[in-house]
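J.: Please read through the structure below; I'll follow up with questions.
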Amino acid sequence: MQHARRGSELHAAAGGPTSAPIYASIDDNPSYEQYKNQIVPYLRSWESVIGHQRTGVYANSKTIDWAVNDGLGSYFWQHNWGSPKGYTHPAAHLHQVEIDKRKVGGVGVDVNQILKPQFGQWA
């Protein structure tokens, strides 16, 4: 719950609306055992703090699949670590397709494809 509370605080401090999702990061290629024992409780803690409708999941395609099947998360942002080459999960709202190949002001940036019109953006 600590990460979810802190994420919610940072979101609010940045001016994020209380209706916008926050993506919990699963920046890994977990086994199913790791998913069940570590990731499920982590995502449930996010849902207990910000609600199911606001919980986003940043993960690879198999982790997104497991989360969808378990009813965890409402928004999904796919990274490719451990995902089959060229595969985009149908539940993904965003897909990270490039990491640090381009630079802005000398800093590496990622490229993401927007797959669904509502992915949690806010102004």
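Residues 5 to 127 (the numbering used here) are what the sequence shown spells out, left to right. Heads up, the beta-carbon is just placed ideally off N, CA and C, and yes, glycines get one too.
Put Asp69 into one of helix, strand or coil per three-state DSSP.
T.: In the sequence shown, residue 69 corresponds to position 65, counting from 1. Looking at Asp69 - three-state DSSP - the assignment turns out to be helix.
J.: Does the Cβ-Cβ distance between Ser65 and Tyr39 come in under 7 Å?
T.: Position 61 of the sequence shown holds residue 65. Position 35 of the sequence shown holds residue 39. Going by C-beta atoms, Ser65 is not nearer than 7 Å to Tyr39.
J.: Taking its Cβ as the centre, do 16 or more other Cβ atoms sit within 10 Å of Ile118, making it buried, or is it exposed?
T.: Locating residue 118 in the sequence shown gives position 114, counting from the first residue. Exposed is the call here.
J.: Among the residues of its own chain, which have a CB less than 6 Å from the CB of Ile103, if the five just before and after it don't count?
T.: By one-based count along the sequence shown, residue 103 stands at place 99. If we look at Ile103 and ignore the five residues flanking it on each side, its Cβ neighbours are Asp114.
J.: Over what stretch of residues does the alpha helix (DSSP H) that includes Leu47 continue unbroken?
T.: In the sequence shown, the residue the question calls residue 47 occupies position 43. It spans 44-54 - the alpha helix (DSSP H) in which Leu47 sits, taken as one unbroken run.
J.: If we ignore side chains and look at the alpha-carbon of each, how far apart do Gln125 and Thr22 end up?
T.: Start at 1 with the first residue of the sequence shown, and residue 125 comes out as number 121. Start at 1 with the first residue of the sequence shown, and residue 22 comes out as number 18. If you take the alpha carbons of Gln125 and Thr22, they lie about 12 Å apart.
J.: Hey, Gly86 and Val61 are a contact pair by Cβ (cut 8 Å); roughly how many whole angstroms apart?
T.: Here residue 86 refers to the residue found at position 82 of the sequence shown. Here residue 61 refers to the residue found at position 57 of the sequence shown. Not a contact, Cβ separation roughly 14 Å.
J.: Rounded to whole angstroms, what's the CA-CA distance from Asn116 to Asn84? Just pull it up for me.
T.: Translated into the one-based positions of the sequence shown, residue 116 becomes position 112. Translated into the one-based positions of the sequence shown, residue 84 becomes position 80. The alpha-carbon atoms of Asn116 and Asn84 are separated by roughly 11 Å.
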